[in-house]
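In terms of full-length UniProt numbering, the sequence shown has 475 at position 475, counting the first letter as 1, and numbering is strictly consecutive. Ideal Cβ positions, reconstructed from N, Cα and C, are used throughout, including at glycine. The structure presented is a predicted model; accordingly, all values stated were derived computationally and were not measured. Beneath this line is the structure, given in structure tokens, with notes to follow.
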Amino acid sequence: MLARVRSGALMGIDAVVVECEVDMALGLPYFNVVGLPEGAARESKVRVVSALKNAGFDLPQKRITVNLAPAEIRKEGAAFELPIALGVLAAARLMEEEPLGHYLFGGELSLDGSIKPIKGVLPLAVAARNGGYRGIMVPAANAAEGALVEGIQVLPVAHLREAVGHLTGEAPLTPLTRTGTAPESCRSEVADMADVRGQPELKLALELAAAGGHNLLMAGPPGSGKTMLARRLPGILPEMTFDEALEVTKVYSIQGLLGDEQALVRERPFRSPHHTLSDAGLVGGGPMARPGELSLAHHGVLFLDELPEFRKNVLEVLRQPLEEGVIHLARATQHITYPCRVMLVAAMNPCPCGYFNVPGHKCTCREHRVFDYHTRISGPLLDRIDITVQTRPVEYHQLAAKTPELPSRYYRQRVQAARERQRVRFQDTPGVHCNAQMPSHLLRRFCVLSPSAEKDLKNAVQQHGLSARAHDRILKLALTRADLEDHGRIEDVDLRLAVDCRMLDRRGWLQTNTQGAVASPLPSPVRNPPSENGGSHGFPPYKS
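Shown next, in the form of structure tokens:
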């Protein structure tokens, strides 16, 4: 007696259909699961037998063999227990096999037959739709997550008896219907930019980064507002589209990070891991091959505070994902791809003590310590950062000023207007949503420079020895500035700002001066008040 039930195994952020073949034959009572089960999947036979007995089903005393095919894919987790239990009932002829072919099943069984929530229901629902199945049968706690996918039925079950009752026609279940097609505009209470006094250069840098999806590095002494402003970045980012929200939700679903009342991740992620993070914790992997912090920040922000304190091997694994937007994990038995289209926002002090070249403070670091501190961040990684800005201590008159600062909604409106221009620009380019994601072959098409801006770019490349990647990123950032100011093309003020944002590319940024001290790696910003049209950027000036 043979029965077949179908479920799904996670491969990256997608689910692969797995066929659970259940054979019941004469012989000594024995229950065996084959097909490369791991961990909880290998232990499922014990829970399945107990759940069936406690749910009131009398199983014949026979030899039961369960095969999870294809056998080359590792089967992890307890999601196979519901389909195995249904397959056992069908093989014992306690129910018909035919209804089992219309659905994909997933659920963890309790010993009393109740069905517990599982991870990865959203990828399972996508696999059911793509495979032409009628729908999925999943735990009631995960049903809202599966209902995000159109074109399939989502059957919520709380007990094994309910699943059998629906499949036999005795007590049909009502499919859960999808309630919406787009993320609701319901931002959580995030801190407002108006709470931060001063720091106009840093606020402009955050606005540029948010408008174009650019990577940002902030360097300055402790207490100058780096972390405070970084945590306010989600408040000025544009809303996610439904497709973006669905991609993020898939990552959170397979990690089991969705809340009880949360079916869809509606806000852009903001991840801020501690500097003791391992490379596997950052890019993913480990024994269970799960996504890391980079993928959890997909379509959002990855904030690395105290950047030089991260281990060097952790920082170096950032290089390829920041360029490609995906992570490829190659293992002996499988190859997994995770998405990681993120904005990298990092913060650091100018030296280990934090007060190198800070007026009114004395640096206690020796010369070699300052040099070693900065060389913890490699040149190739710095080359992938579009904006570098130095912060300075907030002065008393700024702290005591009665004039209100601009709120987050002001910056958000400007960012959304710039992103809308980019959406129209890239509407025929799949996978490109902002300027930072623009491939090199589109630079000539969209980055149109004025004659003076083109001359400034040539001088900057020759004067500072900029790499080809730095050249392209300068053009992308200049285009973002043009989008913010609604320029028809890249003007010289846009280009100069983009060049000024790459301070660490300048020759001699970390050299010893005539007194034997290490020269400041980050030039002090010019304290120019912003003009009415936002033309004065406040960054260290570039001189052609």
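Residue of the options minimising C-alpha distance to residue i
{"i": "residue 444", "options": "479, 428 and 421", "result": "479"}
{"i": "residue 64", "options": "297, 149 and 2", "result": "2"}
{"i": "residue 221", "options": "452, 12, 423 and 359", "result": "359"}
{"i": "residue 167", "options": "490, 45, 231 and 96", "result": "96"}
{"i": "residue 449", "options": "414, 490 and 409", "result": "490"}
{"i": "residue 99", "options": "396, 164 and 138", "result": "164"}
{"i": "residue 389", "options": "226, 47, 131 and 90", "result": "226"}
{"i": "residue 69", "options": "9, 298 and 375", "result": "9"}
{"i": "residue 384", "options": "148, 327, 417 and 467", "result": "467"}
{"i": "residue 280", "options": "328, 247 and 498", "result": "328"}
{"i": "residue 133", "options": "308, 154, 41 and 139", "result": "154"}
{"i": "residue 352", "options": "250, 374, 343 and 346", "result": "374"}
{"i": "residue 233", "options": "409, 475 and 492", "result": "409"}
{"i": "residue 345", "options": "464, 71, 207 and 485", "result": "207"}
{"i": "residue 5", "options": "88, 404 and 92", "result": "88"}
{"i": "residue 417", "options": "239, 381, 330 and 171", "result": "239"}
{"i": "residue 487", "options": "460, 464, 447 and 502", "result": "447"}
{"i": "residue 67", "options": "245, 173 and 85", "result": "85"}
{"i": "residue 40", "options": "421, 288 and 392", "result": "288"}
{"i": "residue 342", "options": "350, 322 and 349", "result": "322"}
{"i": "residue 209", "options": "387, 102, 368 and 148", "result": "387"}
{"i": "residue 269", "options": "250, 261, 260 and 286", "result": "250"}
{"i": "residue 286", "options": "302, 336, 198 and 91", "result": "336"}
{"i": "residue 330", "options": "284, 172 and 303", "result": "284"}
Bounding residues of the beta strand (DSSP E) (the contiguous stretch that carries residue i)
{"i": "residue 374", "result": "Unbroken run through residue 374 is the alpha helix (DSSP H), 367-374; no beta strand (DSSP E)."}
{"i": "residue 24", "result": "14-25"}
{"i": "residue 390", "result": "387-390"}
{"i": "residue 346", "result": "343-348"}
{"i": "residue 480", "result": "Element bounds for residue 480: not the beta strand (DSSP E) but the alpha helix (DSSP H), 468-484."}
{"i": "residue 7", "result": "2-11"}
{"i": "residue 172", "result": "It is not in any beta strand (DSSP E) - residue 172 carries neither H nor E in the DSSP assignment."}
Status (buried if at least 16 other CB within 10 Å, exposed otherwise) for residue i
{"i": "residue 456", "result": "buried"}
{"i": "residue 74", "result": "buried"}
{"i": "residue 82", "result": "buried"}
{"i": "residue 507", "result": "Here the model assigns residue 507 a pLDDT of 40, short of 50, so the residue's position is not dependable, and the following value carries that caveat. It is exposed - the Cβ of residue 507 has fewer than 16 other Cβ atoms within 10 Å."}
{"i": "residue 12", "result": "buried"}
{"i": "residue 379", "result": "exposed"}
{"i": "residue 473", "result": "buried"}
{"i": "residue 184", "result": "Note that residue 184 scores 48 on pLDDT, short of 50, meaning its location in the model is unreliable; the coordinates nonetheless yield the value given after this. By the 10 Å Cβ count, residue 184 comes out exposed."}
{"i": "residue 297", "result": "buried"}
{"i": "residue 299", "result": "buried"}
{"i": "residue 339", "result": "buried"}
{"i": "residue 186", "result": "Low confidence applies to residue 186: its pLDDT is 49, below 50, so where it sits in the model is not reliable, and the reading given next is rough at best. Exposed: under 16 other Cβ atoms inside 10 Å."}
{"i": "residue 395", "result": "exposed"}
{"i": "residue 399", "result": "exposed"}
{"i": "residue 123", "result": "buried"}
{"i": "residue 517", "result": "With a pLDDT of 37 at residue 517, under the threshold of 50, the predicted position of this residue should be treated as unreliable, though the coordinate-derived value follows. By the 10 Å Cβ count, residue 517 comes out exposed."}
{"i": "residue 366", "result": "exposed"}
{"i": "residue 46", "result": "exposed"}
{"i": "residue 162", "result": "buried"}
{"i": "residue 201", "result": "buried"}
{"i": "residue 127", "result": "buried"}
{"i": "residue 458", "result": "exposed"}
{"i": "residue 494", "result": "buried"}
Terminal residues of the alpha helix (DSSP H) in which residue i lies
{"i": "residue 464", "result": "451-464"}
{"i": "residue 313", "result": "312-316"}
{"i": "residue 397", "result": "396-399"}
{"i": "residue 280", "result": "279-283"}
{"i": "residue 321", "result": "319-324"}
{"i": "residue 424", "result": "408-425"}
{"i": "residue 493", "result": "492-500"}
{"i": "residue 380", "result": "379-383"}
{"i": "residue 294", "result": "293-296"}
{"i": "residue 307", "result": "From DSSP, residue 307 is part of no alpha helix (DSSP H); its letter is neither H nor E."}
{"i": "residue 28", "result": "From DSSP, residue 28 is part of no alpha helix (DSSP H); its letter is neither H nor E."}
{"i": "residue 446", "result": "443-446"}
heavy atom of the ligand ADP below 7 Å from residue i C-beta
{"i": "residue 443", "result": "Of the ligands one can find in the structure shown there are none, so the ligand ADP has no counterpart to examine."}
Notebook entry, point to check: Is the segment 435-450 touching the segment 201-216, taking contact as three or more C-beta pairs under 8 Å?
Noted result: Yes, the segment 435-450 touches the segment 201-216.
Checklist line | Cβ contact check for the segment 70-81 and the segment 104-121: 3 or more pairs under 8 Å | finding: Counting C-beta pairs closer than 8 Å gives three or more between the segment 70-81 and the segment 104-121, which meets the contact rule.
Check: On the three-pair Cβ rule with 8 Å, is the segment 43-54 touching the segment 9-27?
Finding: Contact annotation: the segment 43-54 does not touch the segment 9-27, with fewer than three C-beta pairs closer than 8 Å.
Checklist line | the segment 250-259 in contact with the segment 118-136 per 3-pair CB rule at 8 Å | finding: Yes: at least three Cβ pairs fall under 8 Å.
Margin query: At 3 residues or longer, what runs of the beta strand (DSSP E) sit wholly inside the segment 212-244?
Written below: You should have 216-219.
Item checked: 3-residue-minimum beta strand (DSSP E) runs that sit fully inside the segment 34-95, ordered along the chain -> Taken in chain order, the whole beta strand (DSSP E) runs of length 3 or more contained in the segment 34-95 are 63-69.
Item checked: Three-pair Cβ contact test at 8 Å for the segment 287-305 versus the segment 358-376 -> Put simply, the segment 287-305 does not touch the segment 358-376. Fewer than three CB pairs are less than 8 Å apart.
Checklist line | Meets three-Cβ-pair contact criterion under 8 Å: the segment 136-150 and the segment 29-38 | finding: Touching, no.
Item checked: Segment contact, 8 Å Cβ cut-off, at least three pairs: the segment 301-315 with the segment 267-283 -> Yes, the segment 301-315 is in contact with the segment 267-283.
Check: If you scan the segment 96-164 from start to end, which runs of the beta strand (DSSP E) of 3 or more residues do you find wholly inside it?
Finding: You should have 103-105, 135-139 and 153-157.
Check: Three or more beta-carbon pairs under 8 Å between the segment 403-422 and the segment 192-202, yes or no?
Finding: Of all C-beta pairs linking the segment 403-422 to the segment 192-202, three or more are shorter than 8 Å, placing the two stretches in contact.
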